[in-house]
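Visitor:
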Amino acid sequence: MGSYFEQQFTGGCAKNEEEEATGSEEDLGSSRGSGVCKWFNVRMGFGFLSMTNIDGTPLEETLDVFVHQSKLHMEGFRSLKEGEAVEFTFKKSSKGLESVTVTGPGGAQCVGSEKRPKGQQKRRSKGDSTSNLAQMQTTSNHPSPGHPVSSTAGLSDEGGAEEYFCLCYNCGGPDHHAKECQLPPQPKKCHFCQSISHMVANCPIKAQQSSPGAQGTALSLRDEEEEQSHAPFPPRESYD
Numbered sequence: 001m002g003s004y005f006e007q008q009f010t011g012g013c014a015k016n017e018e019e020e021a022t023g024s025e026e027d028l029g030s031s032r033g034s035g036v037c038k039w040f041n042v043r044m045g046f047g048f049l050s051m052t053n054i055d056g057t058p059l060e061e062t063l064d065v066f067v068h069q070s071k072l073h074m075e076g077f078r079s080l081k082e083g084e085a086v087e088f089t090f091k092k093s094s095k096g097l098e099s100v101t102v103t104g105p106g107g108a109q110c111v112g113s114e115k116r117p118k119g120q121q122k123r124r125s126k127g128d129s130t131s132n133l134a135q136m137q138t139t140s141n142h143p144s145p146g147h148p149v150s151s152t153a154g155l156s157d158e159g160g161a162e163e164y165f166c167l168c169y170n171c172g173g174p175d176h177h178a179k180e181c182q183l184p185p186q187p188k189k190c191h192f193c194q195s196i197s198h199m200v201a202n203c204p205i206k207a208q209q210s211s212p213g214a215q216g217t218a219l220s221l222r223d224e225e226e227e228q229s230h231a232p233f234p235p236r237e238s239y240d
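Numbering (UniProt numbering), first residue to last: 1 to 240.
This is the structure we're talking about:
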């Protein structure tokens, strides 16, 4: 068994003339194996299987078999969970062993991983998601003191469940991270109140809200600012 397997599937062993004449891609592609998922990247959609049996015969050493999500027998989002038992057909290519079809034991559907790419987890909610998103953009571009922009903002759908959207720390825009931002680096600013005059560690708004009676203090400060901005100019002195 060991010599047969090495001659057929390991690239380092030489084949004799008779095997080269009779061996073919079709023969290798019709071979069946079984084993478990070694690892699978749900974001990239590929991984490797650890083959422990070939055509019902146990192997002395496991072999890695490449697997792509398009080869998985399952509905919905296709992926594999690490350690999941699988059965598959495979072939040998210039890059190594590749799976052709992958199923669960007995031809059942694959179970798959519970993990999802970030983009799959942050789908927009139904209903008024467009208007809510526009409101988020307005808030992030024009934050007001006492109403800091968070790294995530909740949106409720018709069922009441919250879904979350990222806010970029670079531009304040929704649904992407700073490393994915299309704008050039923006001036550093406080992540709590979005002011460029200080960082979050020295944010006066955050300090006021963290202290007792913070809400009343913050309101009184804003009232004073508004009164000063609308206060009439002092009368000119007369020089008669």
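Ideal Cβ placement from N, Cα and C applies to all residues, glycine included.
Just the C-alpha distance for Ser-197 and Pro-174, rounded to the nearest angstrom, thanks.
Guide: On the sequence shown, position 197 is the one that residue 197 refers to. On the sequence shown, position 174 is the one that residue 174 refers to. Their backbone Cα atoms lie some 23 Å apart in a straight line.
Visitor: Considering just the uninterrupted stretch of the beta strand (DSSP E) at Ala-85, what are its terminal residues?
Guide: Taking the sequence shown and counting its residues from 1, one reaches residue 85 at position 85. Looking at the DSSP string, the run of the beta strand (DSSP E) that includes Ala-85 is 85-93.
Visitor: Cβ-heavy atom distance between Ser-94 and the ligand FMN below 7 Å?
Guide: For the ligand FMN, the structure offers nothing, since it holds no ligand at all.
Visitor: Quick one: give me the first and last residue of the alpha helix (DSSP H) that Lys-115 is part of.
Guide: Translated into the one-based positions of the sequence shown, residue 115 becomes position 115. No alpha helix (DSSP H) contains Lys-115, which DSSP labels as neither H nor E.
Visitor: According to DSSP, which residues form a beta bridge with Phe-40?
Guide: Here residue 40 refers to the residue found at position 40 of the sequence shown. Looking at the DSSP assignment, Phe-40 forms a beta bridge with Gly-47.
Visitor: Excluding sequence positions up to five away, which residues of its chain have a Cβ less than 7 Å from the Cβ of Val-111?
Guide: Here the question's residue 111 lines up with position 111 in the sequence shown. Cβ within range, chain order: Lys-81, Glu-84 and Gly-104.
Visitor: Report the three-state DSSP secondary structure of Ser-79 (helix, strand or coil).
Guide: Here the question's residue 79 lines up with position 79 in the sequence shown. Here Ser-79 sits in coil by DSSP.
Visitor: How would you label Asn-202, buried or exposed, when you count the other beta carbons within 10 angstroms and need 16 or more for buried?
Guide: As a working note, residue 202 is residue 202 in the sequence shown. It counts as exposed.
Visitor: Can you name the start and end residues of the beta strand (DSSP E) that Pro-204 belongs to?
Guide: Locating residue 204 in the sequence shown gives position 204, counting from the first residue. Note, Pro-204: premise wrong, no beta strand (DSSP E); alpha helix (DSSP H) at 204-210.
Visitor: Going by alpha carbons, who is nearest to Lys-95 out of Phe-66, Glu-114 and Arg-78?
Guide: To locate residue 95, count along the sequence shown from 1; it is residue 95. For the residues Phe-66, Glu-114 and Arg-78, the minimum Cα distance to Lys-95 belongs to Phe-66.
Visitor: Would Val-102 and Val-86 be called neighbours here (beta carbons separated by less than 8 Å)?
Guide: To locate residue 102, count along the sequence shown from 1; it is residue 102. To locate residue 86, count along the sequence shown from 1; it is residue 86. For Val-102 and Val-86, yes; Cβs fall inside 8 Å.
Visitor: If you follow the beta strand (DSSP E) that Val-200 is part of, which residue opens it and which one closes it?
Guide: Against the sequence shown, residue 200 aligns to sequence position 200. Neither: Val-200 is in no beta strand (DSSP E) and is coded neither H nor E.
Visitor: Does the beta-carbon of Lys-179 have 16 or more other beta-carbons within 10 angstroms, so that it is buried, or is it exposed?
Guide: Numbered from 1 along the sequence shown, position 179 holds the residue referred to as residue 179. Its Cβ having fewer than 16 others within 10 Å, Lys-179 is exposed.
Visitor: For Asn-53, which residues does DSSP report across the bridge?
Guide: Numbered from its first residue, the sequence shown carries residue 53 at position 53. DSSP output for Asn-53 lists Ser-34 and Pro-58 as bridge partner(s).
Visitor: Determine, using beta carbons only, whether Ser-34 and Asn-53 come nearer to each other than 8 Å.
Guide: The sequence position of residue 34 within the sequence shown is 34, counting from 1. The sequence position of residue 53 within the sequence shown is 53, counting from 1. Yes, the pair counts as a contact, with Cβ atoms nearer than the cut-off.
Visitor: DSSP has Cys-64 in a bridge; who is on the other side?
Guide: As a position in the sequence shown, residue 64 is number 64, starting the count at 1. Here the sequence assigns Asp to residue 64, which means Cys is not the residue at that position. DSSP lists Ser-50 as partners of Asp-64.
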